[in-house]
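**Student:**
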Amino acid sequence: MLLILASSAAAIAVATPIHSAEITHASNAYRASYETESTVRFREVESRFANRPSMPVCRWQAELVVNRDVAMQGRALAAVAKPIHRFAPLSGSHAGSCAAARDEIEAEVARHAGARAAEAVAVARQDRATLLGELDGIHALSAKGAVTGG
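Just so you know, the sequence shown maps onto residues -20 to -1, 1 to 130 in mature numbering (1 follows the signal peptide of the UniProt record, and there is no 0).
What follows is the structure, given as structure tokens:
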């Protein structure tokens, strides 16, 4: 019988720049920056069996996301800053505490991110058309608001 006696959770996030692009749209210059962000969530549980001593187990799950940030004249545009792609999550467990397994888990997540680096860059480069469409929508709304007064 498995009984969870103690549980603690923690998370870490690491962001890595992968691509940037200059975009001119409606007489404005924009700078789109892309980065991958790895977020790892740790959960430590302790199993207790009737005839054995308890032992902590570290369960973890990592997510890798490609995020887009856009700036115009040095000011961030929150309306178009967002995650544009999520890779399938990676998860696992290690016997022992999460503190003891942290370096090993972080190395595994880094290998996972490295293996998907080329795909992440391709996703960022292909985002140009989508971003231009979103900027068209924002420009259309702002132009309509300027003409009609609200």
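Each residue gets a CB set at the ideal place from its N, CA and C atoms; glycine is no exception.
Taking the CB atoms as reference points, tell me whether V46 and Y14 lie closer together than 8 Å.
**Tutor:** As a position in the sequence shown, residue 46 is number 66, starting the count at 1. As a position in the sequence shown, residue 14 is number 34, starting the count at 1. Their beta carbons are under 8 Å apart, which means V46 touches Y14 by this criterion.
**Student:** Can you have a look at S18 and say buried or exposed, based on whether 16 or more other CB atoms are within 10 angstroms of its CB?
**Tutor:** Here residue 18 refers to the residue found at position 38 of the sequence shown. Flag for S18 reads buried.
**Student:** Give the secondary structure of L44 by DSSP, where H, G and I count as helix, E and B as strand, and everything else as coil.
**Tutor:** Position 64 of the sequence shown holds residue 44. Residue state, collapsed to three classes: strand.
**Student:** DSSP on L(-18), reduced to helix/strand/coil?
**Tutor:** To locate residue -18, count along the sequence shown from 1; it is residue 3. Residue placement at L(-18) cannot be trusted, given a pLDDT of 43 that sits under 50; what the coordinates show is reported in the next sentence. It is coil, neither helix nor strand.
**Student:** So for R23, helix, strand or coil by DSSP?
**Tutor:** Stepping through the sequence shown from its first residue, residue 23 is reached at position 43. It is a strand residue.
**Student:** Within the same chain, show all residues whose beta-carbon is closer than 7 Å to that of E2, passing over the 5 residues directly before and after it, in chain order.
**Tutor:** Residue mapping note: residue 2 aligns to position 22 of the sequence shown, counting from 1. Around E2: A9 and R11.
**Student:** Going by other Cβ atoms of all chains shown within 10 Å of its Cβ, with 16 needed for buried, is P33 buried or exposed?
**Tutor:** Here residue 33 refers to the residue found at position 53 when the sequence shown is read from its first residue. P33 comes out exposed.
**Student:** Between H92 and E99, what straight-line distance do the alpha-carbon atoms span, to the nearest angstrom?
**Tutor:** In the sequence shown, residue 92 corresponds to position 112, counting from 1. In the sequence shown, residue 99 corresponds to position 119, counting from 1. Distance between the alpha carbons of H92 and E99: 12 Å.
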